[in-house]
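Enquirer: Starting off with a structure, shown below.
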Amino acid sequence: MNRDIYVVVEQVDGVVQKVGIELIGIATKLAADLEQKVVAVLLGDKVKGLADTLIQHGAEKVIYVEDPMLGVYATEPYTKALNAIIEAKNPEIVLYGATSIGRDLAPRVSARVHTGLTADCTKLEIDPETKLLLMTRPAFGGNIMATIICKEHKPQMATVRPGVMQALPKDSSRTGEVEEFKVDFAPEDMNITIREVVKSTHAKVDITESKVLVSGGRGIGSAEYFDVLKELADELGGLVTSSRANVDAGWIGRERQVGQTGKTVRPDLYMACGISGAIQHLAGMEDSEFIIAINKDTHAPIFGVADLGIVGDVHKIIPLVIEKVKAI
Ligand code: FAD
387 MNRDIYVVVE
397 QVDGVVQKVG
407 IELIGIATKL
417 AADLEQKVVA
427 VLLGDKVKGL
437 ADTLIQHGAE
447 KVIYVEDPML
457 GVYATEPYTK
467 ALNAIIEAKN
477 PEIVLYGATS
487 IGRDLAPRVS
497 ARVHTGLTAD
507 CTKLEIDPET
517 KLLLMTRPAF
527 GGNIMATIIC
537 KEHKPQMATV
547 RPGVMQALPK
557 DSSRTGEVEE
567 FKVDFAPEDM
577 NITIREVVKS
587 THAKVDITES
597 KVLVSGGRGI
607 GSAEYFDVLK
617 ELADELGGLV
627 TSSRANVDAG
637 WIGRERQVGQ
647 TGKTVRPDLY
657 MACGISGAIQ
667 HLAGMEDSEF
677 IIAINKDTHA
687 PIFGVADLGI
697 VGDVHKIIPL
707 VIEKVKAI
């Protein structure tokens with residue numbers, strides 16, 4: 387009997403969320419180890435048209451449920467739909483994004499189907515001996531990485547942090563199976579009334595999308611010094627980010643925070659300027675392609691993950707770097 391790997395792919399207003407594509411990427415690796423298939427699950431009103439994108443990114447099959455009740459996310463109808471799919475299909479593993487929707491939905495579904503849930507995973511792999519899913523996540527305030535196994539209950543379920551897993555490149559020639567799954571919704575399945583959806587009017591900065599990040603830590607000394615880092619980031623076509631210390635100090639917005647309680651990033655270049663390299667910061671950036679660290683303390687832990695380390699005062703080094711970059 388097939389015990390496939392299911393990925394719950396979020397869509398908002400008909401747009402597939404990036405984390406869903408990343409989950410298909412990791413599910414493909416897990417499925418290869420288990421010799422099973424990757425099945426993407428899409429819930430919404432009129433979502434069938436999104437199935438091809440998921441197949442092109444690695445899903446072998448897409449199961450979709452369409453209903454006006456699923457048009458805007460609400461816990462109960464989404465839980466009912468997923469519960470019905472899990473009971474009918476009996477998957478081995480179910481993965482969700484650790485987004486606000488995933489963090490709401492996954493615990494409800496896990497309680498409904500009587501299984502466990504490991505939240506906020508940063509690593510997933512199959513134990514070669516037991517064939518169980520090893521789910522790794524930060525624990526005890528991020529001071530240790532805990533690996534959790536769900537031995538007794540199925541499916542094994544995890545939410546996974548956005549930006550951590552690698553998406554597969556799109557292959558337009560890929561084909562796969564698309565199946566509609568029917569769920570009979572009753573009016574009482576919607577136990578809330580959605581009166582209005584108010585969209586955020588803030589200009590959105592998505593630091594996970596940028597290929598270059600110039601990141602400032604407490605060592606930059608002031609909020610104003612972010613303007614200097616921005617000058618460098620602009621020259622390099624990147625964005626300014628920060629450690630939590632400066633976010634907590636109110637020097638920069640939380641949407642720019644890198645780390646365990648911020649965003650996980652994987653740019654081509656990450657420049658850590660006056661950042662010590664606490665484990666909670668490293669958790670969000672250590673998989674960057676190339677890391678340059680500038681710190682006046684030779685023993686700063688950030689040098690442990692840096693490809694290029696510069697020991698010195700950021701205030702002296704950054705202007706020199708800007709000058710050199712401008713001269714290119
Ligand atoms: P510091 O640790 O104070 O380091 C400043 C560094 O700047 C030092 O290494 C110093 O040598 C250097 N320096 C000083 N002056 C100069 C100079 N002129 N030139 C060059 N170098 C200089 N942190 C995050 O970043 N992201 C998170 O998501 C996050 N989540 C957390 C979650 C939990 C549950 C907890 C407990 C903590 C979390 N933290 C997080 C906080 C984390 O533990 C550190 O406190 C924080 O990362 C430190 O920020 P920092 O490196 O900027 O400051």
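First residue of the sequence shown? That's 387 in the numbering used here, and the numbers climb one at a time after it.
Quick reminder that beta carbons are idealized off the backbone N, C-alpha and C, glycines included.
By Cβ distance, which residues of its chain are closer than 7 Å to His443, with the 5 residues on each side in sequence left out?
Expert: Ile407, Ile410, Ala553, Leu554 and Lys556
Enquirer: Let me make sure I understand the geometry here. Which of Gly639, Ala679 and Gln643 has the alpha-carbon closest to that of Met657?
Expert: Ala679
Enquirer: What are the start and end residues of the beta strand (DSSP E) that includes Tyr392?
Expert: Ile391 to Val395
Enquirer: Helix, strand or coil for Asp438 per DSSP?
Expert: helix
Enquirer: Buried or exposed: which applies to Ile479, given that a residue is buried once 16 or more other Cβ atoms fall within 10 Å of its Cβ?
Expert: buried
Enquirer: Indicate the three-state DSSP secondary structure (helix, strand or coil) for Val614 in the structure shown.
Expert: Val614 falls in the helix class under three-state DSSP.
Enquirer: My parser needs the alpha helix (DSSP H) runs of 4 or more residues fully inside the region 439-522; what are they?
Expert: 461-475 and 486-498
Enquirer: Any idea if Ala544 is buried or exposed, counting beta-carbon neighbours within 10 angstroms, 16 or more meaning buried?
Expert: buried
Enquirer: Please report the residue range of the beta strand (DSSP E) in which Ala532 lies.
Expert: Where Ala532 is concerned, the enclosing beta strand (DSSP E) stretches over Ile530 to Ile534.
Enquirer: Which same chain residues end up closer than 6 Å to Phe567 when comparing Cβ atoms and leaving out the 5 residues on each side of it in sequence?
Expert: Ile449, Val451 and Ile471
Enquirer: Assuming Thr414 is part of the alpha helix (DSSP H), what are its boundary residues?
Expert: Unbroken alpha helix (DSSP H) run through Thr414: Lys404 to Leu420.
Enquirer: Keeping to the same chain, check which residues put their C-beta closer than 7 Å to that of Gly549; ignore five residues upstream and five downstream.
Expert: Residues of the same chain with a CB within less than 7 Å of the CB of Gly549, apart from the 5 flanking positions on each side, are Thr594, Lys649, Thr650, Val651 and Arg652 in chain order.
Enquirer: Taking the C-alpha atoms as reference points, what is the distance between Leu428 and Asp453?
Expert: Leu428 and Asp453 have their C-alpha atoms spaced approximately 11 Å apart.
Enquirer: Of all the options Lys475, Leu468 and Thr508, which has the alpha carbon lying nearest to the alpha carbon of Ala484?
Expert: Thr508
Enquirer: Under three-state DSSP, which class holds Lys597?
Expert: coil
Enquirer: Tell me, please, which residues DSSP counts as bridged to Met543.
Expert: Val480
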